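A.B. asks: Numbering-wise (our numbering), the sequence shown opens with residue 590 and increments by one. Structure below; questions to follow.
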Amino acid sequence: MKIVTSIEELRDQLSGQLRTAFVPTMGNLHEGHLSLMRLARKHGDPVVASIFVNRLQFGPNEDFDKYPRTFQADVEKLEKEGVYVLFAPTEKDLYPEPQEFRVRPPDDLGNTLEGEFRPGFFTGVTTVVLKLFSCVQPRVAVFGKKDYQQLMIVRNMSRQFALPTEIIAAETYRADDGLALSSRNMYLSPAERAEAPALYQSLNSVAAEVRAGHLDVFQLEHKAMDDLAQRGWQPDYISIRRRIDLQPPSAGDLAQGTPLVVLAAAKLGSTRLIDNLEI
Ligand code: PAF
């Protein structure tokens, strides 16, 4: 695997490649990320991964400084997956001058759910993703459904800017007890780790109620949040949305069986976890 840090070197390495499959990451790679690499391999060749902890998507009180950086271990994992190039720019490489041009997602998609609790987050994500796409020029790029709203925003961005990159969705990779793998799981204490699958269980309960015909969305969401709060969580939201645009479903949507997804974010101690489940 070739490790490159500058945009120039990256372009040299990839010149003439027309079927590149790209997986952007912030490092601290776990099985979830590796499953994205495997999916990428099915959709293109060569596979290119990036590791870049993107300051633009962290709020002033978020964990940019303490975000786990495990570069050597990440390199070993990517080598085993047959990744061809790892693009690991420094901040100076990717942002040699202040990144004043930004990509701002539309309010109805970017300011709801995660966007409501993490202002500016999606602008940071879309800005770096567009820049990484411009550097790598992939034919396909793989994003996990674990970050459902991110996936949808990146997919819409790619479509609206007519980017030549197809966005492929990868299923969420879960531990045996159901907890979605995430780099932030490592912040959990052993007791919190034991409690953490309750978030996924709560999504499953909501989904089961909807499937059984319980259509009072407001009541379901509030009960699920109350139940988590009783267990010691601080929920930001548990919200049932239309899959197509992440807007709340109308009575007509519910009656017609419009495809839905339930999304959640909640803090356990000081660790904020997110998860979702298609209904
Ligand atoms: O999902 C992530 O790890 C990040 O948001 C991404 C897509 C690599 C952009 O920094």
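In this text, a Cβ means the ideal position worked out from N, Cα and C, and glycines have one as well. From a predicted model like this one, the values you see are computed outputs, not experimental measurements.
Count the other CB atoms within 10 Å of the CB of residue 846; is the residue buried (16 or more) or exposed (fewer)?
C.D. replies: Exposed: under 16 other Cβ atoms inside 10 Å.
A.B. asks: How big is the Cα-Cα spacing for residue 811 and residue 749?
C.D. replies: C-alpha separation (whole angstroms): 35 Å.
A.B. asks: If you compare alpha carbons, which of 820, 850, 787 is closest to residue 800?
C.D. replies: The shortest Cα separation from residue 800 among 820, 850, 787 belongs to 850.
A.B. asks: Where residue 711 and residue 653 are concerned, what is the direct C-alpha to C-alpha distance, given to the nearest angstrom?
C.D. replies: Looking at the two C-alpha atoms, the distance is approximately 15 Å.
A.B. asks: For residue 829, list the residues DSSP reports as bridge partners.
C.D. replies: Its beta-bridge partners are 851.
A.B. asks: Beta strand (DSSP E) containing residue 539: first to last residue?
C.D. replies: The chain is shown only over 590 to 868; residue 539 falls outside these bounds and no answer can be derived.
A.B. asks: Between 822, 788, 713, which has its C-alpha nearest residue 768's C-alpha?
C.D. replies: It is 788.
A.B. asks: Comparing the CB of residue 614 with every heavy atom of ligand 1, is any distance shorter than 7 Å?
C.D. replies: Yes - ligand 1 has a heavy atom lying nearer than 7 Å to the Cβ of residue 614.
A.B. asks: Rounded to a whole number of angstroms, what is the C-alpha to C-alpha distance between residue 680 and residue 615?
C.D. replies: One C-alpha to the other measures close to 13 Å.
A.B. asks: Cα-Cα, which of 609, 629, 861, 591 is closest to residue 776?
C.D. replies: For the residues 609, 629, 861, 591, the minimum Cα distance to residue 776 belongs to 861.
A.B. asks: Classify residue 703: buried if its beta carbon has 16 or more other beta carbons within 10 angstroms, exposed otherwise.
C.D. replies: The residue in question, residue 703, is buried, as its Cβ has 16 or more Cβ neighbours within 10 Å.
A.B. asks: Please look up how many angstroms separate the CB atoms of residue 659 and residue 617, rounded, as I've assumed it's under 8 Å.
C.D. replies: Right, the Cβ-Cβ distance comes to about 5 Å (below 8 Å), so this counts as a contact.
A.B. asks: With a threshold of 6 Å on Cβ separation, who are the neighbours of residue 766 within its own chain once the five nearest residues in sequence on each side are excluded?
C.D. replies: These residues qualify, in order along the chain: 786.
A.B. asks: In chain order, which continuous runs of the alpha helix (DSSP H) of length 4 or greater are located wholly inside the stretch 762–834?
C.D. replies: The qualifying runs are 779–784, 787–800, 806–819.
A.B. asks: Buried or exposed for residue 607, please, with buried defined as at least 16 other CB atoms from any protein chain shown within 10 angstroms of its CB.
C.D. replies: Burial call: exposed.
A.B. asks: Tell whether a beta-carbon distance below 8 Å holds between residue 657 and residue 794.
C.D. replies: Not a contact, by the Cβ cut-off of 8 Å.
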